[in-house]
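Quick note, the sequences are listed as chains W and B, same order.
With our numbering, letter number 37 in the first sequence gets 19, and the count goes up by one each step, no holes.
With our numbering, letter number 306 in the second sequence gets 288, and the count goes up by one each step, no holes.
Heads up, the beta-carbon is just placed ideally off N, CA and C, and yes, glycines get one too.
Quick notes on the structure that follows.
Protein chains: 2
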Amino acid sequence: MSGQNPDNPAAQPALAEASRSGEFDLIARYFAPLAGPGAFGLGDDAAVVTPGAGRQLVFTADAIIAGVHFLTDDPADDVAAKLLAVNLSDVAAMGAAGLGYLVTAAWPRDLEEAWIARFAQGLAEAQAEHGVALLGGDTVATNGPMSLSLTAIGEQPIGAALRRNGARVGDDIYVSGRIGDAGVGLRILRDGLTGGAPAERQMAIDRYRRPRPQLGLGRALPGLASACIDVSDGLIADLGHLAEQSGAAMRIDLEKVPVSPLADLIGGTAAAIVAGDDYELLFTAAPADEQRLGEAAAQSETDITPIGRVEPGQGVSVVDGDGEVVALKEAGYRHF
Amino acid sequence: MSGQNPDNPAAQPALAEASRSGEFDLIARYFAPLAGPGAFGLGDDAAVVTPGAGRQLVFTADAIIAGVHFLTDDPADDVAAKLLAVNLSDVAAMGAAGLGYLVTAAWPRDLEEAWIARFAQGLAEAQAEHGVALLGGDTVATNGPMSLSLTAIGEQPIGAALRRNGARVGDDIYVSGRIGDAGVGLRILRDGLTGGAPAERQMAIDRYRRPRPQLGLGRALPGLASACIDVSDGLIADLGHLAEQSGAAMRIDLEKVPVSPLADLIGGTAAAIVAGDDYELLFTAAPADEQRLGEAAAQSETDITPIGRVEPGQGVSVVDGDGEVVALKEAGYRHF
C-alpha cells in the first residue's frame, strides 16, 4: 500500500497531513490482515507473485462510484464483496482461477471509520470465499463521492484463456445458473417493487448485492467452450459482444432461458434477459462436447442450460416457442 | 476494458445509457490503440500475461483525485504521465522492469472529450518512454471530481525483489539524482513562488509534473542494494520507512544530499529533504559494494550519491558538517 505526497496542490497541508496519518493507521488496522503471501503485510513498495511453471496470469479492473454504481446507504460489506466478485467474474469468464487483487479507495473526508471497518470485513469474507488475497492498493481522501477501483488477478495453464471471439457456426449457446434474479433485486431496492414471497425477494436482493462469480465452472471450461463472457450488461447485450467478436449471429430460444422465479414482476423473460448484473457465464460449445460439458458442470456443481445456437450472420435474435422473432426493448440492444 | 451494468441504483437509466454508450466509443478511440500484447485490443474480459521462465511479477496501485493530488487545470497529458510514472517508481524500487498497467478513470459528466484525448496522449508518451503497455481498465462517469487509479505490473528474475527491510548496520545510504526539484516546482505552481532562472524554474515544474521513475537504476540494484524505496513522501519520511522496516537507525549528512539548484527558494536542503515527489531511489548497500554500485549507476546513466550510514537504533537523524544534529520541520517526521 502506498499513497501520494500529502504536500498536494489543492488541500491545506495541515488537512492533508491529518488525513495522511490516518491512512497508514487504517491500512495497518483493516487491510494489512487481508494481505496475501508476497504482499509483505502491505509494508513495501509492491507485492511479488511468482506464477508456477506453465502458468499464465489474467488481469482485469473495474471502478465503482457511490451514487452511480451503489447507494451510499448500501451495506459497506456488500459493496466490498460485490466489487471483488464482479472482477472475479471476469477472471472466471477467462477460464482462470482467482489469485489476488489490489484495491484503491477514495474515501470522503467525513466517512466514519465503522464504514471502512465493515468494508474490510466484506473484503475478508469475499476473499475467503473465492480463494484470493489482497496484494496491495492505496487509500486517499476525496471531497467528492466515494470512488473505488479493484484490479483482479487470475491464473491458469498457459494457453487456457477463454476468449470472446471463438464461437463457431453450429455451436450451442449455454448460460449458467439463471437470469434476472439480480435485476429483480435491484428493482426492489431502487424502485420499491412489490410482490413475490419474502424468501424469494430476499434471495433476489442477495443476488444483486452479493453476486457469485462462477469460478468453479470457469476453470472447467477451457478445452470445452469455444467462447465465453460473463453476464454483466445483460444476457442479450453480452451475447452481442460474443456475436461481434466471433463474427457470427447468436439466436436464442426465449423459452429455454432459465429465469428468476420472480421474473414476472419485472416483465417476464424478455425483461430478465436485458436486466444485467447476473454474473453468470454465457458460453458457446460444439454439440459434440455436450456430454463432457454436462460432466464439467456437474463437477463444479453448477447448472448450465443450452439456450440457442450460433448461426451465420451477425447480431443477436430471440425467437419464441413458435420460432417467431421476439422484439426486445431497445435497452437489450445497446453496445452492438 | 469493461464497465458495470448501467441499470444502476442512482442514475436515471437514460443518462446512464448515454454515458455508457460513450464509454465504449472512448475506449475504442483513445485507449484500444495503447493496448499491449495479451490485452486483445481491450475487447475481452481480461488480459493475459505469460511471464518468462524464472521470472516473477510485482504489483502496485495508486489512486489520485482532482483537486487533491492534481489540479483540474493541470495538463491532462501530464496527469496521465505522472500517474503512470509514480506507479512505475514503485516498480523500480522493487528492482523490477516495467511490464504493463491497468487504469480506471471516473470522468466528470461534463468533461470535454479533448481532455480525455490528451490524457490518452500522455499515457501513450509515458508508456513508450518506460517500455510498458496498457492491459485493461474501466471508465465510468461520476458527479464528483475526477478520480483515477492505476495498477502497475513489473517483472524481474525470481528472488530479485528489493525490500525495505534489508538494511544492515554499517551499510551506506545512497540516493539517486537530486532532491527538491519537484518540491520547488510544486511551490511555483501552487503558491506562485518567485525567483530562479527561467530555465531552472521550468525544469523544476517539469520534474513535478513529469517525474522520471528510475527503472534503469532499479533493475541494476538487485544483488547490490540491501534495501530500497522510492522517494515519494520526502527523503526523510521515506528513509523513516527503511529504518522502521529494517529495524535500524538512519543517519544522513545534510551537506552530502544532492539538492535542487533552486532549493534555497524553499528553505534550502533542510526543506528539500521533506518536500517529496522526487521519485528518486533511496537505498542502502554494504561499503564493500561501492565500486560495483558505481559501475551499475554508470551503466544506467544515473547519478548516485552516498549521503549517510545505517546505525544501530531506530529512526532518522540528520547531522550538519560539524556532526551536530539538525532539527527538522515536523512534516519531515510524519509516519514514523
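Check                                                                                                                                                                          : Outcome
Applying the criterion that 16 or more other CB atoms from any shown protein chain within 10 Å of the CB defines a buried residue, is arginine 233/B buried or exposed?        : buried
Distance cutoff 8 Å, beta carbons only. Does valine 61/W sit that close to anything in chain B?                                                                                : no
Quick one, which of Val256/B, Glu111/B, Gly82/B has its alpha-carbon nearest glycine 18/B's?                                                                                   : Gly82/B
Please name the residue, chosen from Ala142/B, Arg291/B, Leu263/B, that lies closest to aspartate 215/B on a Cα-to-Cα basis.                                                   : Leu263/B
Excluding the five sequence neighbours on either side, which residues of its own chain have a C-beta within less than 8 Å of the C-beta of leucine 8/B, listed in chain order? : Glu95, Ile98, Thr121
Please state whether DSSP places methionine 185/W in a helix, a strand or coil.                                                                                                : helix
At a cut of 8 Å, does the segment 156 to 173 of chain B reach the segment 185 to 192 of chain B through at least three beta carbon pairs?                                      : yes
For the putative contact between valine 166/B and isoleucine 248/B, defined by C-beta atoms under 8 Å, what is the C-beta separation to the nearest angstrom?                  : 6 Å
Along chain W, which residues have their Cβ under 7 Å away from the Cβ of proline 127/B?                                                                                       : Thr124, Asn125, Gly126
My output table needs one value for alanine 79/B: the three-state DSSP class, helix, strand or coil.                                                                           : strand
According to a CB-to-CB cut-off of less than 9 Å, which residues of the segment 31 to 56 of chain W neighbour chain C?                                                         : In the displayed structure, chain C is absent; the protein chains listed are W and B.
Could you give the distance in angstroms between the alpha-carbon of aspartate 27/W and the alpha-carbon of valine 157/W?                                                      : 42 Å
Write down the C-beta distance between valine 30/W and alanine 78/W rounded to the nearest angstrom, noting that I regard them as a contact closer than 8 Å.                   : About 20 Å; that fails the 8 Å criterion.
Quick one: Cα of aspartate 295/B to Cα of alanine 143/W, how far?                                                                                                              : At residue 295/B the sequence reads glycine, which differs from the aspartate that was named. Using only the alpha carbons, I get a separation of about 51 Å.
Threonine 284/B versus chain W: which residues are under 8 Å apart at the beta carbon?                                                                                         : Those within 8 Å of threonine 284/B in chain W number zero; the least Cβ separation is about 18 Å.
Could you tell me the alpha carbon to alpha carbon distance between glutamate 283/B and glycine 113/W, rounded to whole angstroms?                                             : 44 Å
So glutamine 227/B contacts chain W; which residues on that side make the cut at Cβ distance below 7 Å?                                                                        : Gly25
Please confirm if leucine 247/B has its CB atom under 8 Å from at least one CB of chain W.                                                                                     : no
Counting only Cβ pairs nearer than 7 Å, list the residues of chain W close to leucine 117/B.                                                                                   : Phe41
Any beta carbon from chain B within less than 8 Å of glycine 136/W's own beta carbon?                                                                                          : yes
Entirely within the segment 192 to 258 of chain W and at least 4 residues each: give me those alpha helix (DSSP H) ranges in chain order.                                      : 197 to 202, 217 to 228, 251 to 254
Valine 157/W CB to nearest chain B CB: under 8 Å?                                                                                                                              : no
Threonine 54/W bridges to which residues according to DSSP?                                                                                                                    : DSSP output for threonine 54/W lists no bridge partner at all.
With a threshold of 8 Å on Cβ separation, who are the neighbours of glycine 162/B within its own chain once the five nearest residues in sequence on each side are excluded?   : Val241, Ser242, Leu244, Ala245, Ile248, Thr251, Ala253, Ala254, Ile255, Ala257, Asp260
What are the boundary residues of the beta strand (DSSP E) that glutamine 38/B is part of?                                                                                     : 37 to 47
Who are the Cβ neighbours of alanine 118/B in its own chain at under 7 Å, not counting the five residues just before and after it?                                             : It should be pointed out that residue 118/B corresponds to glycine in this sequence rather than to alanine. Within the same chain, glycine 118/B has close Cβ partners Met(-17), Ala21, Leu24, Ala28, Ala29, Leu84.
For a contact defined as C-beta to C-beta under 8 Å, what are the partners of leucine 84/W on chain B?                                                                         : Phe41, Thr42, Ala43, Thr133
Under a three-way DSSP split, which group does arginine 291/W fall into?                                                                                                       : strand
Which residues of chain B have a Cβ atom closer than 8 Å to the Cβ of aspartate 212/W, listed in chain order?                                                                  : Asp27
Which word fits glutamine 281/B, buried or exposed, when buried means at least 16 other C-beta atoms lie within 10 angstroms of its C-beta?                                    : exposed
Using a Cβ-Cβ distance under 8 Å, would alanine 75/W count as near chain B?                                                                                                    : yes
For the beta strand (DSSP E) that contains glutamine 138/W, what are its first and last residues?                                                                              : 129 to 139
Check the Cβ of aspartate 7/W against every Cβ in chain B and list those closer than 7 Å, keeping chain order.                                                                 : Result: empty, since nearest Cβ-Cβ is about 10 Å, beyond 7 Å.
By alpha-carbon positions, which one of Glu293/W, Val308/W, Ala219/W ends up nearest to phenylalanine 6/B?                                                                     : Ala219/W
Quick one: list the residues of chain B neighbouring arginine 146/W, beta-carbon separation under 9 Å, in chain order.                                                         : Phe22, Gly25, Asp26, Asp27
Can you list, in chain order, the residues of its chain whose CB lies under 6 Å from that of serine 71/W, leaving out five sequence neighbours each side?                      : Pro195, Asp212, Tyr261
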